[in-house]
Structures are given as C-alpha cells and as structure tokens.
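Mapping of the sequence shown onto my numbering: residues 8 to 201, in sequence order. Cβ coordinates follow ideal geometry from the N, Cα and C atoms, glycine included. Below you'll find the structure, written out as structure tokens, and then a few comments.
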Amino acid sequence: MKVSIIGGATDSGKTTIILDLAKYLNSGGEKIGVIVQETGEVDYDEKTLSELGIATKEVNSVCIPCSLDTDIRSNLLMLQKEFAPDIVFIETEETVLPHKLKTDLERMELEQTELLPAIVLVNSPEYETEDDQLTEYEKKQVEGADIICINKTWLDTKEHISAVKTLVQELNPEARVLESPEVRDEAFLKMLLE
Ligand SMILES: Nc1nc2c(ncn2[C@@H]2O[C@H](COP(=O)(O)OP(=O)(O)OP(=O)(O)O)[C@@H](O)[C@H]2O)c(=O)[nH]1
Ligand SMILES: [Mg+2]
C-alpha cells in the first residue's frame, strides 16, 4: 500500500488535486483510500467518492502531533485491513508538516507500506514573495517538502509565480518544484507520485 501525504494552506487546492489523482488512478483500476483531517466542512462529495469506489476515514483535527500520528496510523491500519487500497492519500490541515508526518509514519514501520514523497501545495496568488512574510508553518512546510507544487497558477501573474518559485527554491533547494496547471494531464499527475 502506497501512502501519499498532501499538505498546504487552507484553500491551496489539496482536495481538488487528491480527487484528480484518485480519478486518474481509479481509471487504471487502483483502489484508493483517503484520510482527511476534518477541519469543519467536508469537501469530499460522498457521491463522487462512492462512484470512484474510494474508502474514506476522517481524522479529527488535533493539535498534538503525536496523537495525530497515532490517529492516522490506526486509520491506515483499518483501511489496510478492511479495504486493502493500493494507495491512500492523507490530506493534512495547514498546521501540519507533511514531511514530519511522513518521518513519523516511516518510524512506525507499517507492514507493506511505501511512503511516497511528501507534497506541499502553495497557493500561488496568495503566497508571499519574501521569506520574512511567511508564517512559521508555511516556511517549515516548504523547507521539509519532497515536492513543492505551486498551485492556482492560472489565477496568478507570470511575474508573481516566478517570484514565488524563486523563494521556495531558496528555502528548499533539494525539493522538486512543480507548477500545476488547472487541467492536469497524466504526465503531471504521475510526477506527484514518484
Ligand atoms: N477551477 C479550479 N478551482 C480550483 C482548483 N483547485 C482548487 N480550486 C478551488 O479552490 C478552492 C479550494 O480548493 P480545495 O481543493 O477545497 O482546497 P483545500 O486545500 O482542500 O482546502 P481546505 O481543505 O479547506 O484546506 C475551491 O473553491 C476549489 O474549487 C482547480 O484545479 N481548478
Ligand atoms: Mg480540503
């Protein structure tokens, strides 16, 4: 079972990208699970999910990272046992560091589980271009990410996207930085999973 962790600020487009990935993988016959940290509104349309045959678990939002990890771990185990998905997406809320959760899950040595690169979505038109204007979470998320996906580029100017890209590359020279188009083709979606 593969596990993909996708984080980023509220409204950065996490649910939309997960649904795009789920549709793409589902069309190739893969079974998909989603774990979402509930922060109020449920964004996943039950009908869409059931049509795609996706199993979901909601994790209550908690501020203590270790209890969050335990909660996510038990939900992963439950999904694995009851549904045996090929891949599980974890949508984290904006105060969680996806790379930290990935490391914690790696340490738990879950059986037959492969952790995919930790993805952080950046809401391009809303994102600051100076390091000292970023919140602590925004900064730490980007610094630790394996993949930084600059999203909502279609709502932003070329100049601003370019400044955002420069900033995130400075903060994390090791990460792969992708710019997401509004319509994501197979080649783009694949890059988020490897
Ligand atoms: N047109 C278009 N709108 C998008 C896209 N991605 C996100 N949006 C819009 O941006 C808003 C937030 O998208 P979500 O995917 O719910 O973002 P999120 O990061 O899951 O948000 P939270 O779960 O509330 O933190 C919604 O109104 C979406 O319709 C996209 O690819 N195309
Ligand atoms: Mg969401």
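Cβ-heavy atom distance, residue i to ligand 2, below 7 Å
| i | result |
| --- | --- |
| K21 | yes |
| E133 | no |
| E98 | yes |
Near ligand 1: residue i beta-carbon under 7 Å from a heavy atom
| i | result |
| --- | --- |
| E145 | no |
| E189 | yes |
| T120 | no |
| T110 | no |
| D18 | yes |
| G36 | no |
| G15 | yes |
For residue i, the three-state DSSP class (helix, strand or coil)
| i | result |
| --- | --- |
| N179 | coil |
| K30 | helix |
| G2 | Since the first residue shown for the chain is 8 and the last is 201, residue 2 is missing from the structure and cannot be characterised. |
| E186 | strand |
| K147 | helix |
| K9 | strand |
| L200 | coil |
| V69 | Residue placement at V69 cannot be trusted, given a pLDDT of 29 that sits under 50; what the coordinates show is reported in the next sentence. Looking at V69 - three-state DSSP - the assignment turns out to be coil, as it is neither helix nor strand. |
Contact under 8 Å by Cβ, residue i with residue j
| i | j | result |
| --- | --- | --- |
| V95 | M8 | yes |
| A13 | L104 | Just to set this straight, residue 13 is Ile in the shown sequence, not Ala. In this structure, L104 does not lie closer than 8 Å to I13 by Cβ. |
| I39 | P92 | yes |
| L196 | L28 | yes |
| I168 | T160 | yes |
| L141 | E133 | no |
| V10 | E98 | no |
Sequence-distant residues of its chain with Cβ nearer than 6 Å to residue i (five each side left out)
| i | result |
| --- | --- |
| R80 | M115 |
| T17 | E101 |
| Q87 | M8 |
Own chain partners of residue i with C-beta closer than 7 Å, once the 5 adjacent residues on each side are dropped
| i | result |
| --- | --- |
| K109 | I12, L122, A125 |
| G47 | With a pLDDT of only 49 at G47, under the threshold of 50, the placement of this residue in the model should not be trusted, and no figure is reported. |
| S19 | L128, V129, N130, N158 |
| E113 | L122 |
| I71 | At I71 the pLDDT is 30, less than 50, meaning the model places this residue with poor confidence; the figure from the coordinates comes in the next sentence. Cβ within range, chain order: n/a, list empty. |
| K147 | L104 |
Same chain, Cβ closer than 8 Å to residue i, neighbours up to 5 away in sequence not counted
| i | result |
| --- | --- |
| N179 | V149, E150, G151, A152, I155 |
| V175 | V129, V149, I155, I157, A182, V184 |
| E193 | Y31 |
Whole alpha helix (DSSP H) runs in the region 75 to 141 with 4 or more residues, listed along the chain?
105 to 114
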